[in-house]
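K.L.:
For the record, the sequence lines run as chains A and B. Numbered according to my numbering, the first sequence spans residues 268 to 432. Numbered according to my numbering, the second sequence spans residues 268 to 432. No residue lacks a Cβ here, since even glycine has one placed at the ideal position from N, Cα and C. Everything numeric in this text was worked out from a predicted model, so none of it was measured.
Number of protein chains: 2
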Amino acid sequence: MRILRALRRFRVADRDMRRRMSEGMDMNATDVDALRFVIARQGAGETVTPRALATHLGISTASTTKLLDRLGRSGHLRREPHPRDRRSVVVVATDHAHAEVRARLSRMHRRMMEVAQAVPEASRPDVARFLEEMAECLSAEDTLEDAGPLTAAPPPPDGSDEPIG
Amino acid sequence: MRILRALRRFRVADRDMRRRMSEGMDMNATDVDALRFVIARQGAGETVTPRALATHLGISTASTTKLLDRLGRSGHLRREPHPRDRRSVVVVATDHAHAEVRARLSRMHRRMMEVAQAVPEASRPDVARFLEEMAECLSAEDTLEDAGPLTAAPPPPDGSDEPIG
DNA sequence: TCAATTTCACTAGCCAGGCTAGAAACACCA
DNA sequence: TGGTGTTTCTAGCCTGGCTAGTGAAATTGA
């Protein structure tokens with residue numbers, strides 16, 4: 268099935284892109300993700316707290332503190348006092364961070380827009396629905412937390428279903 | 268643009284799925300990826316060496332040795348002598364690993380197949396092409412290794428382009 | 001044929017980047 | 001006002017990467 272093969276390729280490309288980016292900016296993948304998150308939210312006019320960042324990244328707030336220290340030291344992020352909650356903090360991206368991320372991603376985003384717009388009008392709903400339903404597949408609770416007994420489960424089918432990769 | 272929003276959702280869902288899976292199998296994400304890789308290749312009738320695994324995962328062979336030790340100890344992978352190269356090794360997944368991964372992913376894969384097949388015949392080439400071109404976008408050398416001067420680049424545009432996230 | 005080079009997995013030891021536990025400051029509610 | 005929950009941060013641990021270097025086997029080329 269060509270569609271599933273293409274999807275797999277996309278996922279690999281996505282992973283590689285993250286790797287290249289974290290390599291090229293020499294910071295780790297989490298920090299890059301954090302930076303992109305802050306910039307995106309900021310662009311949407313929202314503010315970002317350390318807690319929100321921790322939630323998005325799926326790491327603890329303690330780790331987030333360290334992350335903010337790192338990205339502060341490197342001049343990408345800055346802590347500012349939270350306007351309403353004096354316990355909290357607002358995280359903002361520096362101009363330098365904006366510029367750097369922009370330099371690396373703006374062309375890519377432009378191209379992605381073009382690719383999306385190149386999809387024939389008639390197929391667009393199908394493309395969107397396909398992606399939404401795929402996301403649904405991945406979100407579904409198939410990835411059961413407890414896999415049950417599983418002992419002496421049926422032996423591997425030895426072949427056939429390649430799509431596991 | 269609905270398509271790009273759907274794409275973003277898919278990427279998030281993918282990330283979350285990996286997290287849940289590594290959480291649920293309590294091993295780290297790399298180990299899960301390794302397991303899936305070995306099983307997929309094995310399913311395709313190929314053999315996997317530590318080096319191939321290292322390349323796929325983007326880690327060093329030294330780290331891969333440790334990884335194989337871990338997954339050996341947990342009973343998921345096994346080293347076997349390489350038939351042709353006596354320096355090397357063939358990595359195989361145990362029945363237990365097959366069963367466990369199967370239990371967690373087979374339903375998901377079945378659903379993904381269904382979703383793919385549910386795409387109207389007429390739109391399929393467009394869906395596939397969209398994904399392929401998106402993969403191309405991510406692969407392209409936009410993610411420049413050296414971002415150039417960048418000093419005092421234009422200030423953040425303050426708004427508009429949300430898709431960075 | 002056999003010496004030099006390359007490639008393989010592995011060992012030893014380092015360090016970044018996660019984690020948990022706990023503390024201080026503050027918000028919020030009865 | 002007092003109690004409770006929430007916020008970030010500090011201190012210290014541990015996993016899972018890394019580099020450097022080893023011995024054995026494959027490969028190359030004179």
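Tell me, to the nearest whole angstrom, how far the beta carbon of Leu-405(A) is from that of Met-294(B); I am working on the premise that it is less than 8 Å.
P.N.:
Leu-405(A) to Met-294(B), Cβ: 19 Å. No contact.
K.L.:
Residues bridged to Glu-347(A) by DSSP?
P.N.:
Paired residues: Val-357(A).
K.L.:
Rounded to whole angstroms, how far is the Cβ of Glu-399(B) from the Cβ of Arg-276(A), which I believe are closer than 8 Å?
P.N.:
Contact holds; Cβ gap of about 7 Å.
K.L.:
Would you mind giving the Cβ-Cβ distance between Ala-246(B) and Met-375(A), rounded to the nearest angstrom? I have them listed as a contact below 8 Å.
P.N.:
Any property of residue 246(B) remains undetermined from this structure, which presents chain B solely from 268 to 432.
K.L.:
Go ahead and label Thr-322(B) buried or exposed: buried means 16 or more other beta carbons lie within 10 angstroms of its beta carbon, across all protein chains shown.
P.N.:
So Thr-322(B) counts as exposed.
K.L.:
Below 8 Å on the Cβ atoms is my guess for Ser-355(A) versus His-349(A); work out the distance and round it to an integer in Å.
P.N.:
The pair is a contact, with the Cβ atoms about 4 Å apart (cut-off 8 Å).
K.L.:
Could you give the C-beta distance for Phe-397(A) and Val-386(B), rounded to a whole number, given that I count them as a contact under 8 Å?
P.N.:
Indeed they touch by this definition, with Cβ atoms about 5 Å apart.
K.L.:
Does the Cβ-Cβ distance between Val-315(B) and Val-305(B) come in under 7 Å?
P.N.:
Taking 7 Å as the Cβ cut-off, Val-315(B) and Val-305(B) qualify as a contacting pair.
K.L.:
Measuring straight from C-alpha to C-alpha, what distance separates His-365(B) and Ala-329(A)?
P.N.:
The alpha-carbon atoms of His-365(B) and Ala-329(A) are separated by roughly 36 Å.
K.L.:
My output table needs one value for Val-386(A): the three-state DSSP class, helix, strand or coil.
P.N.:
Val-386(A) falls in the coil class under three-state DSSP.
K.L.:
Hey, could you find the ends of the alpha helix (DSSP H) Ile-326(B) is sitting in?
P.N.:
No alpha helix (DSSP H) holds Ile-326(B); DSSP gives it neither H nor E.
K.L.:
For Val-279(B), which beta-bridge partners are listed by DSSP?
P.N.:
Answer is none; Val-279(B) lacks a bridge partner.
K.L.:
Give me whichever residues DSSP pairs with Val-315(A) in a beta bridge.
P.N.:
BP columns for Val-315(A) point to Val-358(A).
K.L.:
Would Leu-271(A) count as contacting chain B if we go by Cβ distances under 7 Å?
P.N.:
So, interface residue.
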